[in-house]
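Which chain is which? The protein sequence lines are A and B, in order.
Per the working numbering, the very first residue in the first sequence carries number 1; after that it's consecutive.
Per the working numbering, the very first residue in the second sequence carries number 1; after that it's consecutive.
Glycine residues also receive a C-beta, built at the ideal position from the N, C-alpha and C atoms.
Fair warning: this is a prediction, and the values are worked out from it, not measured in the lab.
Data block below; observations after.
There are 2 protein chains.
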Amino acid sequence: MQDSRDTGDEPSPGLVSTAIQAITQHIRAEGLAPGDLLPSEAAMTRQLNVSRTVVREAFRSLSAMRLIDMSAGRRATVAKLDTGAMSMVIEHGITTQQISVQQVYDVRRTIEMRTVALAALRRTDAEAAAIASFARLMRENFKHPEIVMEHDIAFHEAIAGASHNPVFSLIVTAFSGVTRRTWVIGWRTRSTDEDQLKMIKGHEDIAEAILKGDPRLAAEHMAQHFDKSVKALLDAGIA
Amino acid sequence: MQDSRDTGDEPSPGLVSTAIQAITQHIRAEGLAPGDLLPSEAAMTRQLNVSRTVVREAFRSLSAMRLIDMSAGRRATVAKLDTGAMSMVIEHGITTQQISVQQVYDVRRTIEMRTVALAALRRTDAEAAAIASFARLMRENFKHPEIVMEHDIAFHEAIAGASHNPVFSLIVTAFSGVTRRTWVIGWRTRSTDEDQLKMIKGHEDIAEAILKGDPRLAAEHMAQHFDKSVKALLDAGIA
DNA sequence: CCCGGAAAACCTGTATGACAGGTTTGTATC
DNA sequence: GATACAAACCTGTCATACAGGTTTTCCGGG
Chain A
1 MQDSRDTGDE PSPGLVSTAI QAITQHIRAE GLAPGDLLPS EAAMTRQLNV
51 SRTVVREAFR SLSAMRLIDM SAGRRATVAK LDTGAMSMVI EHGITTQQIS
101 VQQVYDVRRT IEMRTVALAA LRRTDAEAAA IASFARLMRE NFKHPEIVME
151 HDIAFHEAIA GASHNPVFSL IVTAFSGVTR RTWVIGWRTR STDEDQLKMI
201 KGHEDIAEAI LKGDPRLAAE HMAQHFDKSV KALLDAGIA
Chain B
1 MQDSRDTGDE PSPGLVSTAI QAITQHIRAE GLAPGDLLPS EAAMTRQLNV
51 SRTVVREAFR SLSAMRLIDM SAGRRATVAK LDTGAMSMVI EHGITTQQIS
101 VQQVYDVRRT IEMRTVALAA LRRTDAEAAA IASFARLMRE NFKHPEIVME
151 HDIAFHEAIA GASHNPVFSL IVTAFSGVTR RTWVIGWRTR STDEDQLKMI
201 KGHEDIAEAI LKGDPRLAAE HMAQHFDKSV KALLDAGIA
C-alpha cells in the first residue's frame, strides 16, 4: 500500500528513524511544551503513510528516552526534562567496561565543583536549608549505610538543583545510578566510626559554605570531598 | 497465551519496560562487550513469554538510545559508547525551552576548562597535532562560516578526546548539536574580518598551550574563549 | 582433503487485523 | 444544570504473514 511518494523517498535509514524524526520535528515545528499532546498513532500512521507498527516503535523509542510520556488510553505528551536516557547511557558504558568508575568521578568532581560554587551564589534560603538537612540526616543515620547513601545522593542532587542550571542537574542525576552501585564500597574503606563521621563532616562543611554564600570555600570543600572519595575507591581496588 | 507466572507478575510498568530491563540485565549478567551478539527476538520472545511485538519495541528502544546496534538480517549487537541519546535529550530540552543556550554554554565552559587541562597533560603528539590542525583549517577557511564551524566543533571534540576520559567526550559531543544551531549567530556578531580572525587566534592559543603541555595556560585560554562566545551570543540576544 | 557455490535455516523490517482495557466526549435523562 | 451512561477514541498486546538480508549447511567438483 504505502507508496512512499510522501516524504520524497529517503535513502534507507529505516522507516522508524524517519518516524522518530517526524515526531521530534513536529514538537519543534509546533513549539510544543511539556504536557502538550502529540498526534495519535493513527494520525501519525496516516500522515507518514506507514503501518502502525512503525509509528508505534517510534513513539516507544522516544518514550524510552523519556522525551515523551505514554500511558494507556491517553495520547502521548511531551515530557519534562528527565535524566532517564542519560543514566542508561552511563550505566551501559560502565557495565560494558567502556568507562571506569574513576573516570565518572573525575567528571563529577569537575561538574560539582562548579555546581557547588553556583549554589553558594544562587541558592534560595529554602535550598540551603534542604541541603543542610540532608547532611544532618546523614549524621543522624550514620549507622545505616543505605540511608546515609540515599541522603548523600540527595545532597548532591540538591546542590545541583540550587545551581539553577537544569543541565547540571541532568548530568549529576545521571551519575546517581553509578554512585548507588559503588557508594558502599567506598564507605567500607572508612572502617571506623571516626572515619565515617569525618566524611559526613565534609558534607556539613559544604552545606555551611553554601549557607554562608562563599563559592570559593564551597568549591574547596567539594574538591576535598571528591579527592577523599576517589582515594577511598582506589584503596578498595576500583579501576 | 502468556500466563505471566514467569517473572512473578510485577506491578504494571508494562511488558516493554520489563523486556528492556531483561535485555540490559542480560548484557550485564553475561558480561557482554561492544560487538557481542544479543539473543534473537524469537529467543527473547520465548524467554519472556510475550509477543514479538513487545520484544521488538524493547530492542528498538535500546537501539534508539544507541545502546545496541540493529540491522536487517543480523542479530543485534552491543553498541560502542555513543552520544546519540544524550544529544537527543539536550536537543529536546532546548526545543521545548526547558534549558537555554546560555545554560549549555556554562556547562560546556565548566567541562572544557577541565578537558583542555587534561589534554595538555595527557595528549599524545598525534592528538596535539590534530588539534592544532583543526585550528589551522579554521584560519584557512575563514571565509566560509560553515566550514569554520565544523572545524571548530571538531577542535573541541578532539580536545575532549585527548583528555582520555570518554565521559567527557560523550558530554562534549552531545552538545555539538546545539552548537551547530547557534554557532552562526555568534559568528555574525563578529562582523569584521579582524574580529573573526581574533576568535580563531583564540583557538590557536589553546592548541599551542596544549602542545606546550601547560594546563593552566590552556584552561585560561579556554575560559577566555568561552567568555567571548557567551558575550557574542548575548549580544545577539540569545536567551 | 579442500574449495566453491547453491540451498536451507535463521533473522530482522514492515504490514494487517483483532481485541482488551483505559480515557474522553457527548448525550440523554432526571 | 447535574449526573450517569453510552459511544468514540486511544493505547497495549497478540497472532500471522511475507519480503528481503545474513549465516550456516551441505553437496559436488577439483
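query: Per DSSP, cross-strand counterpart(s) of Ile68 (chain A); result: A:Val78
query: Where Leu32 (chain A) sits in the DSSP three-state scheme; result: coil
query: Bridge partners - Leu37 (chain B), DSSP secondary structure assignment; result: B:Thr77
query: Contacts that Phe168 (chain B) makes with chain A (C-beta to C-beta distance below 9 angstroms); result: Gln103, Asp106, Val107 and Thr110
query: Nearest-angstrom beta carbon gap, Ala128 (chain B) and Phe155 (chain B) [assumed within contact, 8 angstroms]; result: Not really, about 12 angstroms apart at Cβ, beyond 8 angstroms.
query: Reference Ser17 (chain B), options B:Thr53, B:Ala43 and B:Ala207, closest by Cα; result: B:Thr53
query: Spatially closest choice to Asp157 (chain B) from B:Val148, B:Ala19, B:Glu146 and B:Ile171, by CA coordinates; result: In the sequence on display, residue 157 (chain B) carries Glu and not Asp. Comparing Cα positions, the closest option is B:Ile171.
query: The stretch 201-217 of chain A: positions lying closer than 8 angstroms to chain B by Cβ; result: none
query: Contact list for the stretch 168-199 of chain A against chain B, Cβ threshold 8 angstroms; result: Phe168, Leu170 and Ile171
query: Ala33 (chain B) versus Ser71 (chain B): straight-line alpha-carbon distance, rounded; result: 18 angstroms
query: Pro166 (chain B) classed as buried or exposed, judged by whether at least 16 other C-beta atoms fall within 10 angstroms; result: buried
query: Continuous alpha helix (DSSP H) assignments of at least 4 residues falling wholly in the stretch 178-215 of chain A; result: 193-212
query: Chain-order list of residues whose beta-carbon lies under 6 angstroms from that of His151 (chain A) (same chain, five-residue window excluded); result: Phe134, Leu137 and Met138
query: Distance between beta carbons of Glu112 (chain B) and Gly177 (chain B), contact taken as under 8 angstroms; result: Going by Cβ atoms, the distance from Gly177 (chain B) to Glu112 (chain B) rounds to 16 angstroms, so no, they are not a contact pair.
query: Inter-stretch contact at 8 angstroms, needing at least 3 Cβ pairs: the stretch 58-69 of chain B / the stretch 73-82 of chain A; result: no
query: Short Cβ contact (8 angstroms threshold) for Val116 (chain A) with Ile206 (chain A); result: yes
query: Endpoints, the alpha helix (DSSP H) within which Gln102 (chain A) is located; result: Val101 to Arg122
query: Beta carbon proximity, Gln98 (chain A) to chain B, threshold 8 angstroms; result: yes
query: Any C-beta of chain A under 8 angstroms from that of Ser40 (chain B); result: no
query: Phe226 (chain B) beta carbon less than 8 angstroms from that of Arg108 (chain B); result: yes
query: Cβ-based burial, Gln103 (chain A) [other Cβ within 10 Å; buried from 16]; result: buried
query: Per-residue DSSP class, three states only, for Val50 (chain A); result: coil
query: Same chain only: Cβ atoms within 7 angstroms of Phe142 (chain B), ignoring 5 sequence neighbours per side; result: Val148, Gln196, Leu197 and Ile200
query: Test item: CB-CB of Ala120 (chain A) and Ala19 (chain A) under 8 angstroms; result: no
query: Per-residue DSSP class, three states only, for Gln25 (chain B); result: helix
query: Alpha-carbon spacing of Ala174 (chain B) relative to Ser87 (chain B), whole angstroms; result: 4 angstroms
query: CB-CB length for Ser163 (chain B) against Arg216 (chain B), believed under 8 angstroms; result: Contact doesn't hold; Cβ gap of about 16 angstroms is too wide.
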